[in-house]
Structures are given as C-alpha cells and as structure tokens.
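Novice: Heads up: the sequence shown runs through residues 1 to 293, numbered per the working numbering. Just dropping this structure here.
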Amino acid sequence: MIKSMTGYGRGEACAEGRRFTVELKSVNNRYCEVILRQPRSLTQVEDKIKRRIQDKVTRGRVDGFITIEETGEITPTVKVDKALAVAYHKAMEELKDSLAISGEISLKDLISLPNVISLEEPEENVELWYPAIEKACDQALAGLLSMRETEGARLKSDIEQRASVIRELMLGQVAHRAPLVVQEYRDKLTQRLAEWLENGTIDEGRLAAEVLIFADRADISEEIVRLDSHLKQLELILNEGGAVGRKLDFLVQEMNREINTIGSKANDLVITNAVVNAKSELEKIREQVQNIE
1 MIKSMTGYGR GEACAEGRRF TVELKSVNNR YCEVILRQPR SLTQVEDKIK
51 RRIQDKVTRG RVDGFITIEE TGEITPTVKV DKALAVAYHK AMEELKDSLA
101 ISGEISLKDL ISLPNVISLE EPEENVELWY PAIEKACDQA LAGLLSMRET
151 EGARLKSDIE QRASVIRELM LGQVAHRAPL VVQEYRDKLT QRLAEWLENG
201 TIDEGRLAAE VLIFADRADI SEEIVRLDSH LKQLELILNE GGAVGRKLDF
251 LVQEMNREIN TIGSKANDLV ITNAVVNAKS ELEKIREQVQ NIE
C-alpha cells in the first residue's frame, strides 16, 4: 500500500501514578528523521523510542512530543530527620538552661522546626515507566500510519487519474497525429516549391529527400515507446506499494525527459499543445510523488 509522508497520531497510557502522552506528527523529508521532545527524566529511553518509530517509518520527518502528567495517585514519603531533631532538642535544652526558662519541650515544638519532617517524592524509575511509554508510542504510531495510508490511497488515485490523461494525450493524440505531420509537411513543401517554380517541374527526388530528412528529425516513435513503458511501470509501482517514493521520483524524471524530447521534435501546433498539457499533468504528479514515502 502506498503511504503518504504526512500524518498524525496520539496515544496515552498510565503507570506508577503518571499519565504518559505521546503525539507524533510527520511531514515530507528525503530521509527518515525522528526528533523527540520529552522531559529530561526520559533521556535514557529516547533512543529506544526513536528506534521503535524508525522500525515503522521509512521516510519523512517525525516530530514526537512526550508529556508526563501526575494522576494524583502518587504517595509521597514522609521523611523524619532524627539527627536534626536531636540537635534541635539539645540546642533548646541548652537555651533553657542558659536563660533559666522553665517548661517542657514538646514533640509539637520539634516537628514545627525546619526540615525535621519533610515530604519526599518517590524516586523516578524510568524502567518501570517504559512499558506505558511504549504502549502510548504504539498507539500514536498506529494512528500516524493509518493517516499516512489513507492519504497515500488518495495520492495513488490522483496520480493514476493524471497518468491516464498523459496516456490519452501522448499515446493517443500525439501518436496518432505524428504521421500526419510528415504528410502535411510534404504537401506544404510541394505547394511552396510549386509557387517558387511557377510552371516549372518539381524534382521528386529532391522533394523526397527533404521530406525524409524532416521525417527523421520529427520521428518520435522511440520516445512514444519509452513513454508507454514508463506509464506501465508507474502503474506497477503504484500497485506494488511500500516505500516507493524514490522510485516514482526517478520515473517521473524519465517521463519528463521523453515528453520534453517529443516537444522539441514537434513541428506541429496540435502536438505542442498536447505536450504542454501533458507536462502540466506530470508536474502535478511530481508534486504528489514528493509526499509519498
């Protein structure tokens, strides 16, 4: 199946009290390039995520965005600094004695002091997170590939329609018109010579030689055969599917070469108009091919 290089996908999964969201967006690129933007804590799994994407995407620039959101299920750890509490208690006892202050030092007094009791977030364990990140990434990839396939089917249909127009113009109108051009040239040359010679006799040998030279210069039979072959190859590649963008790009260049040669040999308004229209359709095919994986 033909795939476009343009697409978008999104996925999410939860683990360890966190929600991981992965968004993937792809656009045209000559090669496969994956750019990820994620929190610093996920740096150690960045290469694994890239390789997972590159296993499914052959061409195109893929921009990935990974976000982490706490779901409220994370339970922080209460940390008690006993050594600090003892130090505080000792200092307070010394202060009492120095100032001759009575009264007991309570637990409430101690825990209200800075850093005796603190909340500590659970340690980040990326390895425990990775299965959820992988799941979200696969969901995003599935959406991205689905969109690329849908767009690819549309591109294939459009290219096939335009190739059909080129076939009708070049293998229909032009191929039919080409032999008539030589005959018309002979008739025009005969008329012109007759006007120049007035009542003189036309040298049939010389006339035949001139017509033969023109016919040789204007012969487009080889170009027509090659163009027909290219159009058949185009159809085969489109039905072959897979990563065929580069093949199609090369084939379009070859088709353009043949059509240009036909245009340069044409000494006829009908053929010239057909070539102009065919080149217009081929340029639109070329633009579409630039978006195929």
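All residues carry an ideal CB built from backbone N, CA and C; glycine is no exception.
With 16 as the cutoff for other CB atoms within 10 Å, does G152 come out buried or exposed?
Specialist: As a working note, residue 152 is residue 152 in the sequence shown. Label assigned to G152: buried.
Novice: Nearest by alpha-carbon distance to S221: which of G172, T58, E235 and G242 is it?
Specialist: The count along the sequence shown starts at 1 and reaches residue 221 at position 221. It is G172 whose Cα lies nearest to the Cα of S221.
Novice: Check whether the Cβ atoms of L180 and A274 lie closer than 7 angstroms to each other.
Specialist: The residue given as residue 180 occupies position 180 in the sequence shown. The residue given as residue 274 occupies position 274 in the sequence shown. Against a cut-off of 7 angstroms, the Cβ pair of A274 and L180 comes out as no contact.
Novice: Just how far apart, CA to CA, sit R257 and L227?
Specialist: Taking the first residue of the sequence shown as 1, we reach residue 257 at position 257. Taking the first residue of the sequence shown as 1, we reach residue 227 at position 227. Roughly 9 angstroms between the two C-alpha positions.
Novice: Please report the distance separating the alpha-carbon of S26 from that of I224.
Specialist: Taking the sequence shown and counting its residues from 1, the one referred to as residue 26 is at position 26. Taking the sequence shown and counting its residues from 1, the one referred to as residue 224 is at position 224. So the two alpha carbons sit approximately 38 angstroms from each other.
Novice: Excluding the five sequence neighbours on either side, which residues of its own chain have a C-beta within less than 7 angstroms of the C-beta of R286, listed in chain order?
Specialist: Here residue 286 is taken as the residue at index 286 of the sequence shown, counted from 1. Here the set comprises V252.
Novice: Is it the case that the Cβ atoms of A163 and L24 are separated by a distance below 7 angstroms?
Specialist: As a first step, residue 163 is located in the sequence shown; it is residue number 163 there, counting from the start. As a first step, residue 24 is located in the sequence shown; it is residue number 24 there, counting from the start. No; because the gap between Cβ atoms is not below 7 angstroms, this pair is not in contact.
Novice: Using only the alpha-carbon positions, how far apart do G7 and E283 sit?
Specialist: By one-based count along the sequence shown, residue 7 stands at place 7. By one-based count along the sequence shown, residue 283 stands at place 283. If you take the alpha carbons of G7 and E283, they lie about 23 angstroms apart.
Novice: Can you grab the Cα-Cα spacing for the pair N28 / V289, in whole Å?
Specialist: For the purposes of this step, residue 28 is identified with residue 28 of the sequence shown, where counting begins at 1. For the purposes of this step, residue 289 is identified with residue 289 of the sequence shown, where counting begins at 1. So the two alpha carbons sit approximately 10 angstroms from each other.
Novice: Does the region 38–51 come close enough to the region 125–133 that 3 or more CB-CB pairs lie under 8 angstroms?
Specialist: Judged by Cβ distances under 8 angstroms, the region 125–133 makes contact with the region 38–51, as three or more pairs qualify.
Novice: Under the assumption that I292 contacts S4 (Cβ atoms under 8 angstroms), give the Cβ distance between them as a whole number of angstroms.
Specialist: Locating residue 292 in the sequence shown gives position 292, where the first residue counts as 1. Locating residue 4 in the sequence shown gives position 4, where the first residue counts as 1. Indeed they touch by this definition, with Cβ atoms about 6 angstroms apart.
Novice: With a CB to CB cut of under 6 angstroms and the five nearest residues on each side skipped, what residues in its chain are close to E254?
Specialist: For the purposes of this step, residue 254 is taken as the residue at position 254 of the sequence shown. Answer for E254: H230, listed in chain order.
Novice: Do the CB positions of M1 and E149 come within less than 7 angstroms of each other?
Specialist: As a first step, residue 1 must be located in the sequence shown, where it is residue number 1. As a first step, residue 149 must be located in the sequence shown, where it is residue number 149. Yes, they are a contact pair.
Novice: Excluding sequence positions up to five away, which residues of its chain have a Cβ less than 6 angstroms from the Cβ of E33?
Specialist: Numbered from its first residue, the sequence shown carries residue 33 at position 33. So the qualifying residues of the chain are R61.
Novice: In whole angstroms, give me the CA-to-CA distance for A215 and V270.
Specialist: Looking up residue 215 in the sequence shown gives position 215. Looking up residue 270 in the sequence shown gives position 270. The predicted position of A215 is uncertain, since its pLDDT is 49 and thus under 50; a value taken from the coordinates is nonetheless stated next. Straight-line Cα distance between these residues: approximately 17 angstroms.
Novice: Can you tell me whether T261 is helix, strand or coil according to DSSP?
Specialist: Translated into positions along the sequence shown, residue 261 becomes position 261. In the structure shown, T261 sits in a helix (DSSP, three-state: H, G or I).
Novice: Check for me: the alpha helix (DSSP H) holding T150 runs from which residue to which?
Specialist: Counting from one through the sequence shown, the residue named residue 150 turns up at place 150. Here the alpha helix (DSSP H) through T150 covers V126 to I166.
Novice: Let's see if you can read the secondary structure: which residues bound the alpha helix (DSSP H) around T272?
Specialist: The residue given as residue 272 occupies position 272 in the sequence shown. Counting along the chain, the alpha helix (DSSP H) containing T272 begins and ends at L269 to V289.
Novice: Determine the contact status of R18 and I66, defining contact as a CB-CB distance below 7 angstroms.
Specialist: On the sequence shown, position 18 is the one that residue 18 refers to. On the sequence shown, position 66 is the one that residue 66 refers to. No, the Cβ-Cβ distance between R18 and I66 is not below 7 angstroms.
Novice: Starting from the Cα of D219, find the closest Cα among D268, C14 and F250 and give me that residue.
Specialist: Position 219 of the sequence shown, counted from the first residue, corresponds to residue 219. Of the candidates D268, C14 and F250, the one whose C-alpha sits nearest the C-alpha of D219 is D268.
Novice: Ignore the nearest five residues each way along the sequence and tell me which others in G245's own chain have a CB closer than 7 angstroms to its CB.
Specialist: Counting from one through the sequence shown, the residue named residue 245 turns up at place 245. The residues are R59, V289, I292 and E293.
Novice: Determine the burial state of E281: buried for a count of at least 16 other Cβ atoms within 10 Å of its Cβ, exposed for fewer.
Specialist: Within the sequence shown, residue 281 is the residue found at index 281, counting from 1. Looking at its Cβ environment, which holds 16 or more other Cβ atoms inside 10 Å, E281 is buried.
Novice: So, at 6 angstroms on beta carbons, what are the nonlocal neighbours of V276 in its own chain, with the 5 sequence-adjacent residues on each side left out?
Specialist: For this step, residue 276 is matched to residue 276 along the sequence shown. Counting only Cβ-Cβ distances below 6 angstroms, and skipping sequence neighbours, we find nothing.
Novice: I'd like the list of long-range same chain contacts for D81, defined as Cβ closer than 7 angstroms, with 5 residues on each side in sequence excluded.
Specialist: Stepping through the sequence shown from its first residue, residue 81 is reached at position 81. Correct list, in chain order: N115 and V116.
Novice: Report, in whole angstroms, the separation of the C-beta atoms of A132 and L110, which I expect to be a contact under 8 angstroms.
Specialist: Within the sequence shown, numbered from 1, the residue matching residue 132 stands at position 132. Within the sequence shown, numbered from 1, the residue matching residue 110 stands at position 110. Not really, about 41 angstroms apart at Cβ, beyond 8 angstroms.
Novice: With DSSP as the reference, label S4 as helix, strand or coil.
Specialist: Against the sequence shown, residue 4 aligns to sequence position 4. The answer is strand: DSSP assigns S4 an E or B state.
Novice: Output the boundary residues of the alpha helix (DSSP H) element that contains V86.
Specialist: Taking the first residue of the sequence shown as position 1, residue 86 is located at position 86. Residues K82 to L99.
Novice: G9: buried (16+ other C-beta within 10 angstroms of its C-beta) or exposed?
Specialist: Against the sequence shown, residue 9 aligns to sequence position 9. Buried.
Novice: Inspect the beta-carbon positions of A266 and T272 and report whether they are closer than 7 angstroms.
Specialist: What you label residue 266 is simply residue 266 of the sequence shown in a count that begins at 1. What you label residue 272 is simply residue 272 of the sequence shown in a count that begins at 1. Against a cut-off of 7 angstroms, the Cβ pair of T272 and A266 comes out as a contact.
Novice: Between which two residues does the alpha helix (DSSP H) holding R37 run?
Specialist: Position 37 of the sequence shown, counted from the start, is the residue given in the question as residue 37. Here R37 belongs to no alpha helix (DSSP H); instead the beta strand (DSSP E) covers C32 to R37.
Novice: Which two residues bound the contiguous beta strand (DSSP E) that contains S41?
Specialist: Taking the sequence shown and counting its residues from 1, the one referred to as residue 41 is at position 41. Per DSSP, S41 belongs to no beta strand (DSSP E) and is neither H nor E.
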